[in-house]
Amino acid sequence: MTDQTATPKSFEPVPTAPPRSQWADVWRQFRRHKGALFGGGFLVFITLAVLIGPYLWTVDPQKLNIRFKDIRPIYTALWDGDAKVNWAHPLGSDNLGRDILANLLSGGRASMAVGWAAMVISVVIGTVIGVVAGYFKRLDGLFMRFTDLVLSLPILPLLLVAVTLFRQPLRKNFGPETGMFILIVAIIGITSWMQTARIVRGEVLALKEREFILAARSIGTKPFKIITRHLLPNVLSPIMVSATLGLATAIITESALSFLGVGFPSDFPTWGKLLSDAVPRMEEFPERVVLPGLMISLTVLSVNYIGDGLRDALDPRIRGR
Amino acid sequence: MKFKSLTVGSVLALSMATMGQAERGSDGHVNVIYWQAPSILNPFLSGGTKDVEASSLVIEPLGRYDQDGALVPYLAEEIPTVANGGVSEDLTSITWKLKEGLKWSDGTPVTSADVKFTAEYCMHPEGGCAQATFFDGVVSVEAIDELTTKVTFNQPKPNPYGPFMGGQSPIIQAAQFADCLGAKAPECTEANFNPIGTGPFRVTDFRPNDVIQMEANPHYRDAAKPAFATLTLKGGGDAAAAGRAVLETGEFDYAWNLQLAPDVIAKMAEGGKGKPIAAFGSLVERLEMNLTDPSPELDADTRATRKAPHPILSDLKVRKALSMAIDRELLVEVGYGQAGRPTCNLVPAPKVFASPNTDCLTQDIEGAKALLEEAGWTDTDGDGVRDKDGKKLALLYQTSTNAVRQDFQALIKQWWSEIGVETELRNIDASVFFGGDPGSPDTFQKFYADVEMYANNFNGTDPQQYLAAYRCGGEPKPESQWQGENINRFCDPAYDALIDKLANTGDLNERGKLGIQMNEMLTKDTYTIVPLVDRGRVSAHSNTLGGVVLNTWDSELWNAADWYRTE
Chain A
0 MTDQTATPKS
10 FEPVPTAPPR
20 SQWADVWRQF
30 RRHKGALFGG
40 GFLVFITLAV
50 LIGPYLWTVD
60 PQKLNIRFKD
70 IRPIYTALWD
80 GDAKVNWAHP
90 LGSDNLGRDI
100 LANLLSGGRA
110 SMAVGWAAMV
120 ISVVIGTVIG
130 VVAGYFKRLD
140 GLFMRFTDLV
150 LSLPILPLLL
160 VAVTLFRQPL
170 RKNFGPETGM
180 FILIVAIIGI
190 TSWMQTARIV
200 RGEVLALKER
210 EFILAARSIG
220 TKPFKIITRH
230 LLPNVLSPIM
240 VSATLGLATA
250 IITESALSFL
260 GVGFPSDFPT
270 WGKLLSDAVP
280 RMEEFPERVV
290 LPGLMISLTV
300 LSVNYIGDGL
310 RDALDPRIRG
320 R
Chain B
0 MKFKSLTVGS
10 VLALSMATMG
20 QAERGSDGHV
30 NVIYWQAPSI
40 LNPFLSGGTK
50 DVEASSLVIE
60 PLGRYDQDGA
70 LVPYLAEEIP
80 TVANGGVSED
90 LTSITWKLKE
100 GLKWSDGTPV
110 TSADVKFTAE
120 YCMHPEGGCA
130 QATFFDGVVS
140 VEAIDELTTK
150 VTFNQPKPNP
160 YGPFMGGQSP
170 IIQAAQFADC
180 LGAKAPECTE
190 ANFNPIGTGP
200 FRVTDFRPND
210 VIQMEANPHY
220 RDAAKPAFAT
230 LTLKGGGDAA
240 AAGRAVLETG
250 EFDYAWNLQL
260 APDVIAKMAE
270 GGKGKPIAAF
280 GSLVERLEMN
290 LTDPSPELDA
300 DTRATRKAPH
310 PILSDLKVRK
320 ALSMAIDREL
330 LVEVGYGQAG
340 RPTCNLVPAP
350 KVFASPNTDC
360 LTQDIEGAKA
370 LLEEAGWTDT
380 DGDGVRDKDG
390 KKLALLYQTS
400 TNAVRQDFQA
410 LIKQWWSEIG
420 VETELRNIDA
430 SVFFGGDPGS
440 PDTFQKFYAD
450 VEMYANNFNG
460 TDPQQYLAAY
470 RCGGEPKPES
480 QWQGENINRF
490 CDPAYDALID
500 KLANTGDLNE
510 RGKLGIQMNE
520 MLTKDTYTIV
530 PLVDRGRVSA
540 HSNTLGGVVL
550 NTWDSELWNA
560 ADWYRTE
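Okay, structure coming up:
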């Protein structure tokens, strides 16, 4: 022991930097993508805002106050001194006097929750189907034809039918809002996994012919182990990318549904609903369209940038260049 | 008698207004814009309002409805009634007498042969007349002498003013349309585009779906009218553009039917070139209370049928409290502005059928709370929602998807929460909600909700058919494929007796009394129907156009002969 510590010099080369883990490398690469970094920051910010915001800004988003209707956002006072503004409603109020800030926060909760939940469902389904179809040749034809079948289903009409069929039982068991949440998440989830499945299958098809898989198989590794140990880590990057895209799609689909007036009850705010409610008065009160629209756009954009950054960061061939 | 005094009154009022301009054609040119363009000037070949109204400048009926829905003689000497002998005692015939000395715009005299011909034209079996319903039940139309025409019906008609009354049933010239009977009707382009009429104007140039040029009719029966020598009726565009053309730019003098949000119209009116005017018909936005249980736990044959009474809304006190909590003034302000007014009536007009009931107009939250307490609904668990025997006072409130309706839902939900009623809102796409598909659970007929909101009205000025819809047994039910008009599943033998009585009563005042009584049975006595807003129609005229009286019972251009220039 003492000998070793006493040894002042070693002739063996000692790594000067501490050993780098794979994830640290990924992070370093990710940091170099400015867009992704901003996107990530914004996504964290918006997620925290909708999670914690309603506790800080405690105005009830559904509370009507007709005397304080049609208040403009506080910033309009900068160029229009006569504008009706009020610090009690920093982003203004709608035509029935509902606070827009409170609505944006609680609407964001619903939209983000739908987005994340539907994304998780679609990624899980897509990955399972993709890996199984790619690895087991016998199941390939069956699974991929099924994927084509689902891909050809138009999602909006399907949703309308599903809403008609399942609204009542779900409402009875879970209440109107949770019931609708389950329905929307489930439908978006099970109709948007196909791209993920196709991409994953393609990657797996290429990977399973590589030498390291052959080596693994030759020492008797079971298919399940091969998949979890060798295949999944290698297809992680396309999965992550399609997951981020899936989140964006889910938020947009929910907005479209709310915009069409099917979906959540009419007094339950979501970004899409705020947007559609504001359209008839967008000439006079542009902020009511712009604010939720901006929220949707920025969230989707930031998620797309994160996907872009992740793709670069997770690919060892690009990383470090 | 009532008719006569009313008509004399309104004619006097109108002639007073035009006293200053006592010369035909002295006021030059007038521009009218219809954002739906007229495509034909023969209302018997088109049901479109735009065509009916455009043609009303040229061809006229024997009598019209005025702005209150009262009957005014036009080509007729007077409106026939049982009292003046014009309608037979048994209500099976009506005898019209033309004014003397009437001339068509080509100078030939108007006779009872023209009236008889008009009936033949529309009742021709091969004709496909768009206004055939006005001639329902007509057995014969006879010309008794030069000026007198007798219409006979196949059964007693308490309301015999179908044929030859109102803009949809004007008199056309026999000579011009003689070769246009039956299947040949649409081929007579010249006659359909340039009808010879008795109205204040005659067509000089007609471009279908675009512009109509007209000039004053030299043979119009009042030598001093119309005040305008020429008229342009421009068609096309949209309601917003038409509104701007009159209110903001002043290019046009009159714009028809501006279906726009109140704040949008108000914004346009700030232009200062004209003013929007509103008139009211019978369209009422209302809440319908479901008297049957829509619970999804019931089987399909029982759910929302009279076999299962509603567990909450069967109690009159609850229905009344729900109505009392609503501030109708505020609803009007938010949703309709000038185009609406608060009402407590299912039949808000015409005057003779309108109940004077205004009980519901003041919001009374405390009274509503007291009423619910009295009915046994108390908040025992302190969660802000009343309950009784372990059941919460929670309602599902549905309507069609429409910005104004969702605002109404939000407001009403808030008021109901103040009195301790929990409300779940639901909106359904209008094409599904009003679609009537018996397979869909979301139609307004099926009423799988506790409360629903929509608007409805009746055609013409007589609400008999409208009120008869609430007959016991007329409700939508599985056996009738969910078709039926008694949406609330209302059932009262006393009401049914009144329906039968109304169908056999000819005297208008008597009919009015019955109508009011039935209206009150549905609204203020039982709160089965909770009316909210009497919805009107908004048009606009320029500041320099005088004499405009907006009329929802007949053509909007019904009194174009009385229009004049104020400056």
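Residue numbers (numbering that gives the first Met the number 0), protein chains in the order written: chain A, 0 to 320; chain B, 0 to 566. Ideal Cβ positions, reconstructed from N, Cα and C, are used throughout, including at glycine.
Does the ligand ZN have even one heavy atom less than 7 Å from the beta-carbon of B:V202?
This structure does not include the ligand ZN; it has no bound ligands of any sort.
Tell me whether B:R534 is buried or exposed, calling it buried when 16 or more other Cβ atoms sit within 10 Å of its Cβ.
Counting from one through the second sequence, the residue named residue 534 of chain B turns up at place 535. The residue is buried, with at least 16 neighbouring Cβ atoms inside 10 Å.
What residue does the alpha helix (DSSP H) around B:I486 start on, and which one ends it?
To locate residue 486 of chain B, count along the second sequence from 1; it is residue 487. First-last for B:I486: undefined, no H or E at that position.
Over what stretch of residues does the beta strand (DSSP E) that includes A:Q194 continue unbroken?
Against the first sequence, residue 194 of chain A aligns to sequence position 195. From DSSP, A:Q194 is part of no beta strand (DSSP E) but of the alpha helix (DSSP H) over 193 to 206.
Does B:Q20 come out as helix, strand or coil in the three-state DSSP assignment?
As a first step, residue 20 of chain B is located in the second sequence; it is residue number 21 there, counting from the start. Here the model assigns B:Q20 a pLDDT of 49, short of 50, so the residue's position is not dependable and the matter cannot be decided.
C-alpha gap between B:T117 and B:R305, whole angstroms:
Taking the first residue of the second sequence as position 1, residue 117 of chain B is located at position 118. Taking the first residue of the second sequence as position 1, residue 305 of chain B is located at position 306. Distance between the alpha carbons of B:T117 and B:R305 is about 47 Å.
Best match in A:G91, A:A101, A:G308, A:P222 for proximity to A:Y54 [C-alpha to C-alpha]
In the first sequence, residue 54 of chain A corresponds to position 55, counting from 1. Checked all of A:G91, A:A101, A:G308, A:P222; the closest Cα to A:Y54 is A:A101.
Exposed unless 16 or more other CB atoms sit within 10 angstroms - verdict on B:Q480
Start at 1 with the first residue of the second sequence, and residue 480 of chain B comes out as number 481. Under this definition B:Q480 is an exposed residue.
Would you say B:P169 reaches chain A, if we count a Cβ-Cβ gap shorter than 8 Å as a contact?
To locate residue 169 of chain B, count along the second sequence from 1; it is residue 170. Not one chain A Cβ lies under 8 Å of B:P169.
Straight-line CA distance for B:V547 to B:I171?
On the second sequence, residue 547 of chain B is found 548 positions in, with the first residue counted as 1. On the second sequence, residue 171 of chain B is found 172 positions in, with the first residue counted as 1. Straight-line Cα distance between these residues: approximately 26 Å.
Beta-bridge pairing of B:Q35 - partner residues as DSSP gives them:
To locate residue 35 of chain B, count along the second sequence from 1; it is residue 36. DSSP, once it has assigned bridges, lists no residue as partnering B:Q35.
Could you compute how far the alpha carbon of A:D139 sits from the alpha carbon of B:L312?
If you number the first sequence from 1, residue 139 of chain A lands on position 140. If you number the second sequence from 1, residue 312 of chain B lands on position 313. For A:D139 and B:L312, the distance between alpha carbons rounds to 58 Å.
Partners in chain B for A:L95, counting only beta-carbon separations shorter than 9 Å:
Locating residue 95 of chain A in the first sequence gives position 96, where the first residue counts as 1. By Cβ distance, chain B contributes V333, D406, A409, L410, Q413.
Got a sec? Which residues, its chain only, sit under 6 Å from A:A196 by beta carbon, not counting five neighbours each side?
Position 197 of the first sequence, counting from 1, holds the residue named residue 196 of chain A. If we look at A:A196 and ignore the five residues flanking it on each side, its Cβ neighbours are G125, I128, G129, T146.
Is the number of C-beta pairs between the region 498 to 515 of chain B and the region 225 to 245 of chain B that are closer than 8 Å three or more?
no
N-terminal and C-terminal residue of the alpha helix (DSSP H) that B:V114 is part of:
Here residue 114 of chain B refers to the residue found at position 115 when the second sequence is read from its first residue. Residues 111 to 122.
Alpha-carbon to alpha-carbon, B:D406 and A:L293:
Here residue 293 of chain A is taken as the residue at index 294 of the first sequence, counted from 1. Here residue 406 of chain B is taken as the residue at index 407 of the second sequence, counted from 1. If I take the Cα positions, the gap works out to 24 Å.
Span of the alpha helix (DSSP H) holding B:T188?
The residue given as residue 188 of chain B occupies position 189 in the second sequence. First-last of the alpha helix (DSSP H) with B:T188: 188 to 192.
Using a Cβ distance threshold of 8 Å, determine whether the region 34 to 44 of chain B contacts the region 190 to 200 of chain B, with at least three qualifying pairs required.
yes
Cut-off 6 Å between Cβ atoms - residues of its own chain near A:L204, not counting five sequence neighbours on either side:
The residue labelled residue 204 of chain A in the question sits at position 205 within the first sequence. Closer than 6 Å at the Cβ level, and outside the excluded window around A:L204, lie G133.
On a CA-only basis, which of B:T342, B:S55, B:T460 is nearest B:G511? Give me that one, please.
As a working note, residue 511 of chain B is residue 512 in the second sequence. B:G511 has its Cα closest to that of B:T460, out of B:T342, B:S55, B:T460.
Do the region 156 to 171 of chain A and the region 215 to 230 of chain A make contact, defined as three or more Cβ pairs closer than 8 Å?
no
How many whole angstroms separate the CB atoms of B:V283 and B:N456, which I take to be in contact at a CB cut-off of 8 Å?
Numbered from 1 along the second sequence, position 284 holds the residue referred to as residue 283 of chain B. Numbered from 1 along the second sequence, position 457 holds the residue referred to as residue 456 of chain B. That belief holds up - the Cβ atoms of B:V283 and B:N456 are roughly 7 Å apart, short of 8 Å.
What residues of chain B sit near A:K171, judged by a beta carbon separation below 7 Å?
As a first step, residue 171 of chain A is located in the first sequence; it is residue number 172 there, counting from the start. What A:K171 touches in chain B: P295.
Please specify which runs of the alpha helix (DSSP H), each continuous and at least 4 residues long, are wholly inside the region 231 to 296 of chain B, giving them in chain order.
238 to 246, 261 to 268
Kindly say whether A:Q167, judged by its beta-carbon, lies nearer than 8 Å to any beta-carbon of chain B.
Locating residue 167 of chain A in the first sequence gives position 168, counting from the first residue. Closer than 8 Å to some Cβ of chain B, the Cβ of A:Q167 qualifies, so yes.
Three-state class that DSSP yields for B:M568 in the structure shown
Since the first residue shown for chain B is 0 and the last is 566, residue 568 of chain B is missing from the structure and cannot be characterised.
With distance defined between alpha-carbon atoms, name the residue in A:G178, A:I212, A:F223, A:L152 nearest to A:W192.
For this step, residue 192 of chain A is matched to residue 193 along the first sequence. Answer by Cα proximity: A:L152.
Taking the beta strand (DSSP E) that B:T203 falls in, what are its first and last residues?
Mapped onto the second sequence, residue 203 of chain B falls at position 204. Note, B:T203: beta strand (DSSP E), 200 to 205.
I need the DSSP call for B:T422, collapsed to helix, strand or coil.
In the second sequence, residue 422 of chain B corresponds to position 423, counting from 1. Strand, per DSSP.
List the endpoints of the continuous alpha helix (DSSP H) containing B:Y219.
Looking up residue 219 of chain B in the second sequence gives position 220. Taken as a continuous stretch (DSSP letters only), B:Y219 belongs to no alpha helix (DSSP H), as it is neither H nor E.
Indicate the three-state DSSP secondary structure (helix, strand or coil) for A:L213 in the structure shown.
Within the first sequence, numbered from 1, the residue matching residue 213 of chain A stands at position 214. It is helical.
Presumed contact (8 Å Cβ cut-off) between B:W562 and B:F200, rounded CB distance:
Residue 562 of chain B sits at position 563 when you count from the first residue of the second sequence. Residue 200 of chain B sits at position 201 when you count from the first residue of the second sequence. Incorrect: roughly 11 Å between the Cβ atoms, too far for contact.
What does A:P264 touch in chain B if you count any residue whose Cβ is under 7 Å from its own?
As a position in the first sequence, residue 264 of chain A is number 265, starting the count at 1. What A:P264 touches in chain B: E423, L424, R425.
So the candidates are B:L259, B:E247, B:K368, B:T400; which of them puts its Cα closest to the Cα of B:G339?
Your numbering for residue 339 of chain B matches position 340 in the second sequence. Of the candidates B:L259, B:E247, B:K368, B:T400, the one whose C-alpha sits nearest the C-alpha of B:G339 is B:L259.
Nearest to B:D221 (by Cα), restricted to the options B:A559, B:R564, B:E566, B:G366:
Sequence index remark: in the second sequence, residue 221 of chain B carries index 222 (1-based). Nearest option by C-alpha distance: B:A559.
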